[in-house]
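2 protein chains.
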Amino acid sequence: MEGKKVLVVGAGPVGSLAAIYASIRGADVEVYELRNDLRNIDTTPLNFTKSINLALSERGINGLRSAGNPELLEAVLAQTIPMHGRMIHTRSPTGARSEQSQLYDVHGRFQRSVDRGALNRVLLDYLESLPNVKLFFQHKMTGADFRVKKAWFEVSDRSSTSDRPKEVEVNFDLMIGADGAHSATRYHMMKFARTDYLQEYIDCLWCEFTMPPTESGDFAISPNHLHIWPAGSFMFIALPNLDKSFVCTFFGPVELFSRLEKEPDSALLDLFDKYFPGLTDHIKPGDLVSQFKRNPHLPLINIKCSPHHFHDSVVIVGDAAHAMVPFYGQGMNAGMESVRVLFSKLDQFPNNTAEALASYTIERTEDAHTIADLALGNYQEMRHSVTSPLYKLRKFVEESLDKYFPSLGWATQYSRVSFSNMRYSQVVQHSRNQKRILSGMLLALAALAASGPAAAIYLFAIRSRLMKNVKFPWPRR
Amino acid sequence: MEGKKVLVVGAGPVGSLAAIYASIRGADVEVYELRNDLRNIDTTPLNFTKSINLALSERGINGLRSAGNPELLEAVLAQTIPMHGRMIHTRSPTGARSEQSQLYDVHGRFQRSVDRGALNRVLLDYLESLPNVKLFFQHKMTGADFRVKKAWFEVSDRSSTSDRPKEVEVNFDLMIGADGAHSATRYHMMKFARTDYLQEYIDCLWCEFTMPPTESGDFAISPNHLHIWPAGSFMFIALPNLDKSFVCTFFGPVELFSRLEKEPDSALLDLFDKYFPGLTDHIKPGDLVSQFKRNPHLPLINIKCSPHHFHDSVVIVGDAAHAMVPFYGQGMNAGMESVRVLFSKLDQFPNNTAEALASYTIERTEDAHTIADLALGNYQEMRHSVTSPLYKLRKFVEESLDKYFPSLGWATQYSRVSFSNMRYSQVVQHSRNQKRILSGMLLALAALAASGPAAAIYLFAIRSRLMKNVKFPWPRR
Chain L
3 MEGKKVLVVG AGPVGSLAAI YASIRGADVE VYELRNDLRN IDTTPLNFTK SINLALSERG
63 INGLRSAGNP ELLEAVLAQT IPMHGRMIHT RSPTGARSEQ SQLYDVHGRF QRSVDRGALN
123 RVLLDYLESL PNVKLFFQHK MTGADFRVKK AWFEVSDRSS TSDRPKEVEV NFDLMIGADG
183 AHSATRYHMM KFARTDYLQE YIDCLWCEFT MPPTESGDFA ISPNHLHIWP AGSFMFIALP
243 NLDKSFVCTF FGPVELFSRL EKEPDSALLD LFDKYFPGLT DHIKPGDLVS QFKRNPHLPL
303 INIKCSPHHF HDSVVIVGDA AHAMVPFYGQ GMNAGMESVR VLFSKLDQFP NNTAEALASY
363 TIERTEDAHT IADLALGNYQ EMRHSVTSPL YKLRKFVEES LDKYFPSLGW ATQYSRVSFS
423 NMRYSQVVQH SRNQKRILSG MLLALAALAA SGPAAAIYLF AIRSRLMKNV KFPWPRR
Chain G
3 MEGKKVLVVG AGPVGSLAAI YASIRGADVE VYELRNDLRN IDTTPLNFTK SINLALSERG
63 INGLRSAGNP ELLEAVLAQT IPMHGRMIHT RSPTGARSEQ SQLYDVHGRF QRSVDRGALN
123 RVLLDYLESL PNVKLFFQHK MTGADFRVKK AWFEVSDRSS TSDRPKEVEV NFDLMIGADG
183 AHSATRYHMM KFARTDYLQE YIDCLWCEFT MPPTESGDFA ISPNHLHIWP AGSFMFIALP
243 NLDKSFVCTF FGPVELFSRL EKEPDSALLD LFDKYFPGLT DHIKPGDLVS QFKRNPHLPL
303 INIKCSPHHF HDSVVIVGDA AHAMVPFYGQ GMNAGMESVR VLFSKLDQFP NNTAEALASY
363 TIERTEDAHT IADLALGNYQ EMRHSVTSPL YKLRKFVEES LDKYFPSLGW ATQYSRVSFS
423 NMRYSQVVQH SRNQKRILSG MLLALAALAA SGPAAAIYLF AIRSRLMKNV KFPWPRR
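Protein chains in written order, with our numbering: chain L, 3 to 479; chain G, 3 to 479.
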């Protein structure tokens, strides 16, 4: 991409990674970000419209690894805390509390908890060290013409004394939009590309909480788990931070939030105490109530669109192309994978960007739609199924097959999504096949189990000659 | 709405009508339109992104009628040409041409062909005569804050010598967005309201043609029909104009358009001649080819969104809320009905705009989604089913019931959609019920038809005593 000018819109983790990929390929890279530089912590309020509580897994790591600089990956991994499994917190009908650890993977692979800001800082610092990258903060895209490859940005520079913000016009060869679920790139692209687009809000709000370290300065609960308090229609989760606190999220239907917002504080505490056992040991009741009141109650959006590009001039990646609900922990991982796939296509068609982007759209829309659906489905699993005996049985059988018969190539859908780089659409195909085989095996087992006693009774009846007058449906010896 | 400032965005037929409704209720109305005043024909190129070929029916007329000024309605109706039915043009496998007239309605009700520009002019002229309405053309909405009720417009005044367009800030009490399928109002509203939104392009492009009057200055084909040349996967239609020309539209799959764009002119002519018999008698072959090349090939979009409002500050109507494919001829009619419903809600809750808008969203999203689905379904009917014997039989039976047993309240779905003001969702409910009854009747008829011969044979057998030894399953006399 020597001599090409690549504009990246959005300096979040996915946009930063895209800029690194473009820079390594020799492009002149300019990154335009609507907000302030988040490294200037004084001027940037915590961005509560995006989760600061992320799970980094293989697809994200592979995206970083494929950028080509091992030190960058190491710097990111240094910011993470391994989570080897889920810790499921429940209370029985008699009131007894239980904690059950469910390992993620029989081969010891794990998720990593990472602070969004910390990850972003590492990427931005690295970007700033690259000679062919320029960063522009407080630049809001106001328009783009993707036929003549021009874009306009409004500069909200606070030092300016003019009453109207300055506007700049920028030419480019390729624009990469990584500007999130409410992407301006996508909005302007949709004026050029005939785009099928769906956005839907699910009946679920979320509110963030912090669980502080203990008085002795240690983690309040196991740091190497993703903690879940499943409660049927709602749930509470917690992920560890490097400073030994936990970032927690309460998810629930809109109606539950409305009710809790109206009712006295005790309603919230009663609910949390009943369904989230142990929580009030670690977050003081007063603190819990004030965090619920102070922190915003935010919606969850699911976005599908196609195509992800227009001609040879613009392409969207990450949440801009495929915002999903957070229940598979794949949002950022899928975004980083999108960057890797995009540049593999650009490498494959070095002299035909239009062809590369078209190929990217074909592959990536299918996979993006698949993981969006899986993420929606996992909401049910996290709130409810993790505690069901059938779910546990299936997990046990599938993991045993994976562990003891590795040559079968058996794996759970979860481990293929989280610990492999198999295309999401293929993961679902494999899972479907496995489900069919598993159902067949279970049927055979059931037949065997049923036929055993029947055969025994039959043999016993013949041998003991107790039933001389009974007619057997099959020939007697 | 005395003393309230109502901003209408979009000065098309639906926006103009909304401004009239607001003006009559005493509001201070300001209308902001992106484009030039279409009445200054010299500066406004024909807007080819919207069809200029419209069918006005009861819902649109009722919207105009309910505005309260009979002269306005008369002025609009003077611009229309009645179409009493469809004229179906086909060619048999042997090459024989046929034309078949299918009346729209047994009670003589009809569609009206109207030029979009002519209709718009009447409304704008009337708007301009109202003292409490101001019109602003070449004003592009660039932003809106629906909490503080402020909006920003960029003025693209060509007389200005400044290199950057002027921007104005406008306060309002209520904004009504009638700015079409690519609505800026909706875009900005979606930043405030949690909106479920779907847009999809169907596999169909369209291209407009003009069929000139004959050399003697008359209509080339019957002026009181909507002409259809159905051809399975594609079709051609023609609607009469007051100047005795016809506005025609060719609809077909994307792939067919791509093929015709590449192939020699003769391919287009061969196709038209084979499937659209008689057309080349009225549009000269050279003209047909040059119109296909000159006029744009445009897509069709289907939009569903919910809600249609945010709090008490903004509401969307017409294509901005429910752009649909044109195959039921209901796009503008539904838009004008939306205006009527919106103001009926505002009248119902004079002191609670938020309640009025919420009530509008509940009623109107359901109906808008219904007509969007019906419009999609009608594409199949127009291209194909109008020629099928079963379709004709059902139309005949239903229309006969309507005509000869009016007390039954029977009516075709088409006539309820086009000639009544019943809610679209109720139309579909009625059609479902009628379909069930009709199926029952047809079954009973079939049973009767089958039982007739059986009874005859039975009676004959008894009478002739030919079959003394045959055991009848029912008692013999």
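We treat Cβ as the ideally placed atom computed from N, Cα and C, and that holds for glycine.
Predicted model, so just to flag it, every value in this text is computed and none were measured.
Pick out whichever of G:398, G:346, G:304 has its Cα sitting closest to the Cα of residue 370 (chain G).
Of G:398, G:346, G:304, the residue nearest in Cα terms is G:304.
How many Å lie between residue 347 (chain L) and residue 102 (chain G) at the Cα?
If I take the Cα positions, the gap works out to 55 Å.
Using a beta-carbon distance cut-off of less than 9 Å, what residues from the segment 175-195 of chain L approach chain G?
Of all residues in the segment 175-195 of chain L, 184, 189, 192, 193 have a Cβ within less than 9 Å of some Cβ in chain G.
Which ranges would you report for the alpha helix (DSSP H) in the segment 127-210 of chain G if only whole runs of at least 4 residues count?
With a minimum length of 4 residues, the continuous alpha helix (DSSP H) runs that stay inside the segment 127-210 of chain G are 186-191.
So, using beta-carbon positions, are residue 306 (chain L) and residue 195 (chain L) closer together than 7 Å?
No. Outside cutoff.
Whose C-beta lies closer than 6 Å to the C-beta of residue 33 (chain G) among residues of the same chain, with five residues either side of it excluded?
So the list reads 10, 13, 21, 137, once near-sequence residues are dropped.
Of all the beta strand (DSSP E) runs that stay within the bounds of the segment 211-282 of chain L, which reach a length of 3 or more residues?
Entirely contained in the segment 211-282 of chain L, the beta strand (DSSP E) runs reaching 3 residues are, in chain order, 227-232, 237-242, 248-254.
Are there 16 or more other CB atoms within 10 angstroms of the CB of residue 232 (chain L), so buried, or fewer, so exposed?
By the neighbour-count rule (16 or more Cβ atoms within 10 Å), residue 232 (chain L) is buried.
Any chance the segment 193-208 of chain G sits against the segment 333-343 of chain G, with 3 or more Cβ pairs inside 8 Å?
Result no; under three Cβ-Cβ pairs closer than 8 Å.
Which whole-angstrom value is the C-beta distance of residue 271 (chain L) and residue 290 (chain L), which I expect to be below 8 Å?
Correct: roughly 7 Å between the Cβ atoms.
Using C-beta distances below 7 Å, list every residue in its chain close to residue 23 (chain G), excluding the 5 sequence neighbours before and after it, in chain order.
Once the five neighbours on either side are set aside, the close Cβ partners of residue 23 (chain G) are 69, 341, 345.
Closest to residue 215 (chain L) by CA distance: which of L:332, L:250, L:258 is it?
Selected option, being the one with the closest Cα: L:250.
Quick one: does residue 140 (chain L) have its CB under 7 Å from some CB of chain G?
So, not an interface residue.
What residue range does the beta strand (DSSP E) around residue 30 (chain L) cover?
30-34 is the span of the beta strand (DSSP E), which, as asked, contains residue 30 (chain L).
Given a cut-off of 7 Å on the beta-carbon distance, is the pair residue 207 (chain G) and residue 256 (chain G) in contact?
Contact: yes.
State the CB to CB distance for the pair residue 76 (chain G) and residue 423 (chain G), rounded to an integer number of angstroms; the pair is presumed to be in contact (CB under 8 Å).
Contact doesn't hold; Cβ gap of about 20 Å is too wide.
Who does residue 57 (chain G) pair with in a DSSP beta bridge?
According to DSSP, which records beta bridges pairwise, residue 57 (chain G) is partnered with G:115.
Leaving out five residues on either side along the sequence, give the residues of the same chain with a beta carbon under 7 Å from the beta carbon of residue 62 (chain G).
Closer than 7 Å at Cβ, skipping near neighbours: 334, 335, 338.
Could you please tell me which residues of the segment 194-213 of chain G, in chain order, have their CB closer than 8 Å to any CB of chain L?
Per Cβ criterion, the list reads 196, 197, 198, 199, 200, 201, 202, 203.
Taking just the CA atoms, how far does residue 104 (chain G) sit from residue 92 (chain G)?
For residue 92 (chain G) and residue 104 (chain G), the distance between alpha carbons rounds to 13 Å.
Can you give me the Cβ contacts of residue 139 (chain L) inside the same chain, cut-off strictly under 6 Å, excluding the 5 residues immediately before and after it?
If we look at residue 139 (chain L) and ignore the five residues flanking it on each side, its Cβ neighbours are 35, 38, 39.
With a cut-off of 8 Å on the beta carbons, I'd call residue 124 (chain G) and residue 78 (chain G) a contact; round off their distance for me.
Right, their Cβ atoms sit about 5 Å apart.
What's the gap between the Cα of residue 365 (chain L) and the Cα of residue 426 (chain L)?
Going from the Cα of residue 365 (chain L) to the Cα of residue 426 (chain L) covers about 10 Å.
Does the distance from the CB of residue 115 (chain L) to the CB of residue 242 (chain L) come in under 7 Å?
Against a cut-off of 7 Å, the Cβ pair of residue 242 (chain L) and residue 115 (chain L) comes out as a contact.
Please name the residue, chosen from L:56, L:317, L:7, L:27, that lies closest to residue 329 (chain L) on a Cα-to-Cα basis.
The shortest Cα separation from residue 329 (chain L) among L:56, L:317, L:7, L:27 belongs to L:56.
Are the C-beta atoms of residue 301 (chain G) and some chain L residue less than 7 Å apart?
Output row for residue 301 (chain G): interface = yes.
Just verifying my parser: in three-state terms, what is the DSSP assignment at residue 430 (chain G)?
Here residue 430 (chain G) sits in helix by DSSP.
Which residues does DSSP pair with residue 331 (chain G) in a beta bridge?
Looking at the DSSP assignment, residue 331 (chain G) forms no beta bridge with any residue, so it has no partner.
What does a CB cutoff of less than 6 Å around residue 331 (chain G) pick up in its chain, not counting 5 residues either side in sequence?
Cβ within range, chain order: 57.
At what residues does the beta strand (DSSP E) containing residue 316 (chain L) begin and finish?
Its beta strand (DSSP E) spans residues 316-318.
With distances taken Cα to Cα, identify the nearest neighbour of residue 89 (chain G) among G:96, G:223, G:418, G:7.
Taking only the C-alpha atoms, the option nearest residue 89 (chain G) is G:223.
To the nearest angstrom, how far is it from the Cα of residue 314 (chain G) to the Cα of residue 178 (chain G)?
Between residue 314 (chain G) and residue 178 (chain G), the C-alpha separation is close to 11 Å.
Under the assumption that residue 401 (chain L) contacts residue 108 (chain L) (Cβ atoms under 8 Å), give the Cβ distance between them as a whole number of angstroms.
Rounded, the Cβ-Cβ distance is 5 Å, consistent with contact.
Are residue 3 (chain L) and residue 27 (chain L) closer than 7 Å when you measure CB to CB?
Contact flag set, yes.
Report the residue from L:278, L:268, L:394 whose alpha carbon sits nearest the alpha carbon of residue 288 (chain L).
Selected option, being the one with the closest Cα: L:268.
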